[in-house]
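This report refers to the structure that appears directly beneath it.
Protein chains: 2
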Amino acid sequence: MAITITDVARHAGVSPSTVSYALSGKRSISPSTRARIDEAILALGFTANAGARALATSQTMVIGLLTQFHQDEFAPAMLQYVLPVSDTAREFGYDILLVTETDATAALRRVTSAGMVDGVVLLDVVHEDPRLETLRAAAQPGALVGLPKRTEGLDVFDLDFGESARILVDHLYGLGHREIIVVSPPKHVFDRGGAYGWRFRDAALERAARYGIQIHPYFGEAQQPAIGQSMNAILDARPTATALIVHNDATIAALPSVLATRGTRVPEDLSVASLYSKDFGRAFSLPYTAVESSPDQLGQNAVRQLVRRIASPELAGAPVTRFIAPELTIRGSTA
Amino acid sequence: MAITITDVARHAGVSPSTVSYALSGKRSISPSTRARIDEAILALGFTANAGARALATSQTMVIGLLTQFHQDEFAPAMLQYVLPVSDTAREFGYDILLVTETDATAALRRVTSAGMVDGVVLLDVVHEDPRLETLRAAAQPGALVGLPKRTEGLDVFDLDFGESARILVDHLYGLGHREIIVVSPPKHVFDRGGAYGWRFRDAALERAARYGIQIHPYFGEAQQPAIGQSMNAILDARPTATALIVHNDATIAALPSVLATRGTRVPEDLSVASLYSKDFGRAFSLPYTAVESSPDQLGQNAVRQLVRRIASPELAGAPVTRFIAPELTIRGSTA
DNA sequence: TACATTGATCGAACCGGTTCGACAAAGTCC
DNA sequence: GGACTTTGTCGAACCGGTTCGATCAATGTA
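So this is what it looks like as structure tokens:
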């Protein structure tokens with residue numbers, strides 16, 4: 001039914017292998033033959049069958065993207081990671097197989113062992129991620145977004161959360177703040193092993209201790225109305241705190257209305273600094289000074305390295321763990 | 001390198017075809033042989049190669065999901081459509097190839113003509129969608145989410161936006177409102193051919209005319225701070241309006257803080273009704289009475305029908321255009 | 001002029017499954 | 001007990017590409 005390379009060969013009066021070589025350029029083809037083949041391809045509307053090509057070359061030109069959508073998580077934040085991965089992959093000629101199954105380990109095994117993908121990108125990697133064992137056993141390489149406990153043999157990309165926290169504390173300390181509230185991701189994120197939570201918090205605490213200033217750490221909530229209640233309780237309990245650092249997507253998104261309702265003015269009554277991406281800030285119109293979380297850079301770097309490793313498993317060198325350098329964007333919410 | 005069906009056959013002392021039949025169950029296999037094959041599969045850790053199977057059966061067990069991420073659009077709203085499609089597809093044994101390319105028509109042609117997918121789901125279909133021509137020419141079936149001008153030969157799923165608007169107008173009319181502001185999607189959505197925009201607005205206007213009440217239609221904005229400015233201007237210009245209908249994701253998400261800043265109380269000063277999904281409302285903590293936009297149902301129905309059509313192109317019957325019945329959820333923002 | 005080299009093309013094997021037809025052994029029927 | 005069906009298995013062809021080795025003509029070299 002569909003046009004095959006044999007149809008093209010017949011139409012051009014050559015053998016299928018010649019068409020294949022014309023397509024791949026792996027052997028020289030005379031100009032006249034090439035012209036006839038090109039004409040035939042155009043006339044018949046030929047596109048090489050992906051399955052057949054995958055079988056012959058053991059290359060699918062597909063990258064698996066493994067995401068975990070915890071129902072309790074703030075969904076809008078996820079897309080910022082998915083799109084850059086997809087776009088970067090396409091730049092290199094790869095398509096994206098989106099895997100959202102709850103049983104991520106089984107899904108990973110399925111797509112790798114069936115040879116559906118040439119490599120995988122794991123999003124939202126946690127401290128002791130059960131997927132990593134499966135990934136290490138797979139024939140295909142993988143790239144992680146998120147720092148796990150054991151990185152042996154894996155390419156890892158993440159934001160430098162410790163440095164992010166230090167930058168924010170330094171910034172506020174420099175402005176004269178001596179009592180700061182830090183709102184972390186929800187407790188269940190810590191429990192699940194979302195290491196970015198404690199990497200950020202612990203770095204903030206350590207830095208504050210060095211300066212001899214006070215930090216009050218709290219877990220944030222994941223959803224309204226709990227966010228508003230919790231924030232109100234925290235702010236009421238710490239009336240002398242002059243600054244607030246929020247490391248929590250859902251909370252920062254809700255903060256404008258929470259503070260407006262309280263009548264708290266920023267930065268007059270309270271300095272606010274946070275950690276989120278440009279796009280996230282734009283979508284939620286966030287006016288806060290914040291460290292850029294660079295999901296696009298993370299996705300892009302992960303795919304780049306993955307593609308390199310797919311192309312030449314040996315030449316790509318030793319596995320890397322690379323941290324994105326955090327950058328502070330001043331938006332006037334601190335004083 | 002990977003385990004093949006021949007390895008399994010050798011290990012079990014049978015021929016490859018017997019293993020294949022044991023796997024598919026298409027011919028009867030003696031219990032003892034079946035046991036040896038099962039044991040061999042387990043021992044060797046065999047998984048059938050997807051490319052080879054696709055080649056032999058011309059079935060990839062992959063569904064293409066074509067999304068359009070307009071940079072000016074409210075990204076967080078997109079995921080609510082992607083996830084249900086992915087989850088439903090997996091229920092039927094299909095994986096999802098996520099296609100986000102800007103040139104959607106070319107991408108659609110690419111994945112269909114290379115036989116990478118067994119069918120496609122098109123999200124965010126507009127009035128005169130250039131992808132439809134390509135889809136009609138493709139060998140694989142497709143299902144649309146969003147109503148285009150011409151539905152011939154296509155399975156189409158959408159919310160009944162006209163009915164949604166009527167329900168909201170009826171609701172407010174019943175509560176005694178006689179002057180209502182309607183905020184539509186941004187103008188560029190109309191220009192692009194997002195028919196849901198005018199289907200909703202025109203139905204609202206028509207209904208209001210029937211009741212002899214006043215409706216002031218406005219285009220909404222897509223981003224802050226334009227949203228806030230525009231909403232303030234609109235509310236200032238219509239001080240006698242007692243109710244507001246918002247058909248615009250970005251605007252409704254920003255509305256709580258806009259109204260809080262103005263000091264407008266809901267529903268005392270202004271009744272507010274809208275159109276959004278449960279999940280969206282939860283993510284943004286929206287307290288408004290609204291028609292449920294049911295992205296999960298749309299995605300699920302689209303995949304269901306697509307799978308049916310893939311399984312038996314003839315038996316699936318004539319193409320359908322099905323509208324989800326809108327349902328009003330009272331949340332107390334109207335009085 | 002004889003011989004090695006290069007360029008262009010073809011045939012055949014192969015990738016790893018599925019499926020059709022054949023066939024022997026076992027079971028059913030009269 | 002012979003004819004007929006059913007059951008279980010195998011071999012071979014096929015799906016649609018890629019790639020290796022061989023062939024042959026044209027060109028370069030001694």
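Which chain is which? The protein sequence lines are A and B, in order. Start counting the first sequence at 1; every next residue gets the next number (the numbering used here). Start counting the second sequence at 1; every next residue gets the next number (the numbering used here). Don't be surprised by glycine CBs; every beta carbon is placed ideally from N, CA and C.
The C-beta of Gln224/B comes closer than 9 Å to at least one C-beta of chain A.
Going by C-alpha positions, Thr251/A is about 46 Å away from Arg136/B. Per DSSP, reduced to three states, the secondary structure at Leu175/A is coil, with no helix or strand assignment.
Of the residues His247/A, Gly228/A and Ile227/A, the one whose Cα lies closest to the Cα of Ala204/A is His247/A.
For Gly93/B, the three-state secondary structure derived from DSSP is coil.
At a C-beta separation below 7 Å, Arg282/B has these neighbours in chain A: Gln223. Scanning Ala226/A, Ser285/A, Asp249/A and Ser58/A for the CA closest to the CA of Ser293/A turns up Asp249/A. Taking 9 Å as the cut-off, the beta carbon of Val125/B is found closer than this to the beta carbon of Leu144/B. Each of Gln305/A, Ile41/A, Phe323/A and Phe284/A was checked against the Cα of Thr88/A, and the nearest Cα belongs to Gln305/A.
DSSP places Arg308/A inside the alpha helix (DSSP H), whose first and last residues are Pro295 to Ala311.
Annotated three-state conformation of Ala260/A is helix, per DSSP. Contact of Asn49/A with chain B by beta-carbon distance below 8 Å involves Leu55, Ala114 and Gly115. Taking Thr264/B as the centre and dropping the five residues before and after it, the same chain places the C-beta of Leu270 closer than 6 Å to its C-beta, in chain order.
Residue contact with chain B for Gly332/A: absent (no Cβ-Cβ distance below 9 Å to any residue of chain B). CA-CA distance, Ala241/B to Glu91/A, rounds to 51 Å. DSSP places Ser24/B within a helical segment (H, G or I) once states are collapsed to three. Ranking Gly51/A, Thr47/A and Leu55/A by CA distance to the CA of Gln59/B puts Gly51/A first.
Contact check between the region 177–186 of chain B and the region 212–220 of chain B: three or more CB pairs, one atom from each, fall below 8 Å, which counts as touching. Just so you know, the alpha carbons of Arg166/B and Leu244/B end up roughly 14 Å apart. Apart from sequence neighbours up to five positions away, the residues of its chain that approach Asp160/A with a beta-carbon distance below 6 Å are Phe323 and Pro326, ordered along the chain. A contact between stretches requires three or more CB pairs, one per stretch, nearer than 8 Å, and the region 216–230 of chain B meets this requirement with the region 183–203 of chain B.
Residue contact check for Met231/B against chain A: no CB pair falls below 9 Å. Ala254/B is a Cβ neighbour of Ser285/A, given a cutoff of 9 Å. The beta carbon of Asp95/A falls within 9 Å of a beta carbon belonging to chain B, placing the residue at that interface.
For Phe284/A, no beta strand (DSSP E) run applies, since DSSP gives it neither H nor E. Judged by DSSP in its simplified three-state form, Ser271/A adopts strand. Taking 9 Å as the cut-off, the Cβ atoms of Phe74/A and Ala104/B do not count as close.
Straight through space, the alpha carbons of Gly228/B and Ala107/A are spaced by roughly 44 Å. Interface criterion not met: the Cβ of Ala237/A is under 9 Å from no Cβ in chain B. Between the alpha carbons of Asp279/A and Pro31/B lies a distance of about 59 Å. For Phe69/B, the nearest beta carbon of chain A is closer than 9 Å to its own beta carbon. When the alpha-carbon of Leu172/A is set against those of Val291/A, Ala35/A and Ser230/A, the nearest one is in Val291/A. Taking the C-beta atoms as reference points, Asp155/B is found nearer than 9 Å to Pro319/B. Residues of the region 81–108 of chain B with a Cβ closer than 8 Å to any Cβ of chain A, in chain order: Val82, Leu83, Ser86, Asp87, Arg90, Asp95, Ile96, Leu97, Leu98, Val99, Thr100 and Glu101. Burial is judged here by how many other beta carbons sit within 10 angstroms of a residue's own beta carbon; Arg150/B has fewer than 16 and is exposed. Nearest Cα to Gly119/A within the set Glu163/A, Tyr196/A, Leu66/A and Glu133/A: Leu66/A.
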